[in-house]
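In the working numbering, the protein residues as written are 376 to 906.
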């Protein structure tokens with residue numbers, strides 16, 4: 376509302392200025408070029424000019440005091456119509472060439488107020504002009520000019536009235552269009568200002584340091600967090616080349632993420648950088664770089680502490696599991712040896728105790744061997760081999776072993792011929808452990824499906840069983856060493872398989888649910904260069 380009043384006041388001021396210019400230039404020029412000799416009454420013309428200057432001064436004094444500017448504008452425009460009619464009167468009536476001043480007043484009304492005001496002033500001008508011309512025709516007002524035919528009077532009145540209304544329509548239309556355009560521009564300008572303010576506030580309140588450069592490395596934006604991290608004031612760096620003020624930001628930049636050790640305020644800090652190109656809207660032209668960075672020193676320290684704690688916790692849990700696994704066979708072994716030492720048993724019972732002792736020794740040996748395989752780093756003996764042949768050999772050996780319990784069918788679903796570079800012995804151990812895990816999950820029998828698939832730059836190998844499945848709570852623990860839900864076994868089979876796959880830069884996924892079976896999938900990178 377306040378903005379509308381301000382705009383209207385500016386338009387009224389413009390109308391006042393235009394009136395002064397018009398009176399001064401147009402009517403003053405008539406005297407300058409001796410055009411006043413054509414006027415009928417020079418004295419009245421002088422009074423008119425003086426009156427116009429006086430009312431203009433009055434308007435200028437009142438404009439800051441008047442509250443209703445619309446009525447004030449209407450009053451000025453109607454008075455201008457009367458002044459125009461007086462000018463027409465003193466310059467020859469129907470033959471006056473100053474009738475265009477009424478059209479100027481109509482145009483002014485549409486511009487200063489609106490389309491409706493244009494029609495109002497057109498109506499007032501039409502009534503006054505028509506009445507005046509009728510008075511002239513019927514002799515109420517006398518002029519020293521020859522009589523004009525009646526049809527000329529009617530034509531003159533008709534043309535002027537049509538001109539007034541056409542002018543009101545056109546000027547009102549153009550004025551309303553202009554006003555709407557101004558409103559849209561103003562709204563867009565406000566939106567742009569709000570967006571600019573919002574962007575500035577967002578950039579300034581980012582917790583990460585941010586700066587942008589042009590293609591030459593000159594700094595364009597340097598936010599508050601960047602000042603805090605680097606200890607450099609933006610005034611001293613904006614407009615300058617980044618590496619001239621902060622040498623550890625080496626220009627030209629390479630896009631991507633990286634971490635660097637930087638000396639800031641005589642303190643070694645770890646800074647994480649994310650660099651990307653600053654492109655135009657059409658994403659064709661590069662305009663510079665955007666660099667977002669963070670001080671990761673404290674985070675890295677906390678991460679190191681956390682890893683250290685996790686390491687000790689893992690060692691503690693592993694030690695506890697080892698002790699638990701060793702304790703049971705040791706107890707059985709101790710009991711058997713103590714009885715044998717007393718030499719109070721004979722015959723078959725003595726042989727049974729010896730078998731128990733030997734079995735527990737074998738069990739201890741397996742626990743230690745498996746643990747050494749899991750914990751001891753070993754060099755991969757990478758060879759190129761046919762994946763399907765290795766799977767066939769492993770499954771065939773598995774079928775004839777003691778591990779197969781119940782009725783289990785093995786189905787193969789291979790994809791073409793796949794050759795990979797890997798350690799065949801370790802991969803055989805992985806396949807054996809996965810097959811063993813699947814068979815043990817199907818004590819009443821079922822189906823084991825072994826599949827392979829070519830994934831372009833990767834190879835997928837899956838073992839899917841129709842067994843009892845794995846509980847959700849156990850899924851995240853199945854690859855932990857010594858974790859098992861069975862009454863037998865060391866709990867190292869899947870842990871060893873997982874570690875071997877990691878050594879081959881691959882990954883192992885598991886999908887399972889109670890009663891839904893289990894699928895273990897191995898994803899290995901192709902290293903043979905084929906796709």
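Don't be surprised by glycine CBs; every beta carbon is placed ideally from N, CA and C.
Beta bridge counterpart(s) of residue 886 as assigned by DSSP | 894
State yes or no: is the beta carbon of residue 472 nearer than 7 Å to at least one beta carbon in chain D?
-> Checking the listed chains, one finds no chain D in this structure; it contains a single protein chain.
For residue 817, which residues from the same chain have a beta carbon less than 7 Å from its beta carbon, with the 5 sequence-adjacent residues on both sides left out?
-> 781, 783, 840, 841 and 842
Which value, in whole angstroms, describes the spacing of the CA atoms of residue 974 and residue 882?
-> Because residue 974 is not part of the residues shown, which for the chain are 376 to 906, the question remains open.
Taking the C-alpha atoms as reference points, what is the distance between residue 389 and residue 568?
-> 28 Å
Taking contact to mean at least 3 C-beta pairs separated by less than 8 Å, is the segment 549 to 568 in contact with the segment 633 to 649?
-> no
Please report how far the alpha carbon of residue 705 lies from the alpha carbon of residue 875, in whole angstroms.
-> 30 Å
For residue 391, three-class secondary structure by DSSP = helix
The alpha helix (DSSP H) spanning residue 841 covers which residue range?
-> Element bounds for residue 841: n/a, residue is neither H nor E.
Where the alpha helix (DSSP H) through residue 661 begins and ends = Here residue 661 belongs to no alpha helix (DSSP H); instead the beta strand (DSSP E) covers 661 to 670.
Exposed or buried, residue 676, counting other C-beta atoms within 10 Å across all chains shown (16 or more means buried)?
-> exposed
Can you tell which of 454, 398 and 624 has its C-alpha closest to the C-alpha of residue 594?
-> 624
Is the beta carbon of residue 478 less than 7 Å from the beta carbon of residue 542?
-> yes
In angstroms with no decimal places, state the Cα-to-Cα distance between residue 805 and residue 622.
-> 51 Å
With a threshold of 16 other CB atoms inside 10 Å of the CB of residue 813, please say whether the residue is buried or exposed.
-> buried
4-residue-minimum alpha helix (DSSP H) runs that sit fully inside the segment 441 to 502, ordered along the chain | 444 to 465 and 475 to 487
For the candidate residues 474, 795 and 803, whose alpha-carbon lies nearest to that of residue 773?
-> 803
Counting Cβ pairs closer than 8 Å, one from the segment 427 to 443 and one from the segment 464 to 484, do we hit at least three?
-> no
3-residue-minimum beta strand (DSSP E) runs that sit fully inside the segment 761 to 809, ordered along the chain = 783 to 788 and 794 to 797
Hey, residue 679 and residue 711: beta-carbon distance below 7 Å or not?
-> no
Exposed or buried, residue 611, counting other C-beta atoms within 10 Å across all chains shown (16 or more means buried)?
-> exposed
Quick one: any contact between the segment 503 to 516 and the segment 572 to 586, if contact means 3 or more CB pairs under 8 Å?
-> no
Length of the line joining the Cα atoms of residue 602 and residue 811 | 60 Å
Can you name the start and end residues of the alpha helix (DSSP H) that residue 620 belongs to?
-> 617 to 620
Could you please give the first and the last residue of the uninterrupted beta strand (DSSP E) stretch that includes residue 652?
-> 642 to 654
With DSSP as the reference, please indicate the residues paired to residue 633 in a beta bridge.
-> 648
With DSSP run on the structure shown, which of helix, strand or coil describes residue 593?
-> strand
Between 763, 465 and 667, which lies nearest to residue 579 when the distance is taken from Cα to Cα?
-> 667
If we ignore side chains and look at the alpha-carbon of each, how far apart do residue 599 and residue 586 end up?
-> 10 Å
For residue 705, does the three-state DSSP call read helix, strand or coil?
-> helix
From 604, 597, 626 and 605, pick the residue whose C-alpha is nearest to that of residue 591; which is it?
-> 626
Starting from residue 820, follow the beta strand (DSSP E) in both directions and report where the run begins and ends.
-> Premise fails: residue 820 is in no beta strand (DSSP E) and is neither H nor E.
Return the CA-CA distance between residue 785 and residue 893, expressed in angstroms with no decimal places.
-> 15 Å
Separation of residue 674 from residue 645, as counted between CA atoms | 9 Å
In whole angstroms, what is the alpha-carbon distance linking residue 899 and residue 796?
-> 10 Å
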